[in-house]
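In my numbering, the protein residues as written are -16 to 73. So the structure is just underneath, and the comments pick up after that.
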């Protein structure tokens, strides 16, 4: 894993776990999920992309949504989980 450059964006899920998102030196998004509430975290995993300033929220139906700014165009990008508690989608 490369060094993370952005401050991590954190979101508390409905089941009490934390998810973190950050970007590396080339703008790829990295994600780390807590295994259980108040428990240890799993490994960082790359979600790819070329973005900056990630921000994560939990929407009304419990899915995590990730927003970020595309590095080249400045467009706001959005990705969300397909179901609450599942792996993230880009």
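Ideal Cβ positions, reconstructed from N, Cα and C, are used throughout, including at glycine.
In angstroms, rounded to a whole number, what distance separates the CA positions of residue 40 and residue 48? Roughly 5 Å between the two C-alpha positions.
With distance defined between alpha-carbon atoms, name the residue in -1, 67, 51 and 65 nearest to residue 12. Of the candidates -1, 67, 51 and 65, the one whose C-alpha sits nearest the C-alpha of residue 12 is 51.
Under 9 Å between the Cβ atoms of residue 4 and residue -7? Closer than 9 Å, so yes.
Boundaries (first-last residue) of the beta strand (DSSP E) holding residue -5: Residues -8 to -5.
Given residue 33, which residues of its chain have a CB within under 8 Å of its CB, disregarding the five upstream and five downstream residues? Only 9, 10, 11, 53, 54 and 55 meet the Cβ criterion.
Check whether the Cβ atoms of residue 35 and residue 6 lie closer than 9 Å to each other. Pairing residue 35 with residue 6 gives a Cβ-Cβ distance under 9 Å.
Output yes or no for whether 9 Å exceeds the beta carbon distance between residue 14 and residue 2. Contact flag set, yes.
Which residues does DSSP list as the beta-bridge partners of residue 13? Paired residues: 5 and 29.
Could you tell me which residues DSSP pairs with residue 34 in its beta bridges? Looking at the DSSP assignment, residue 34 forms a beta bridge with 53.
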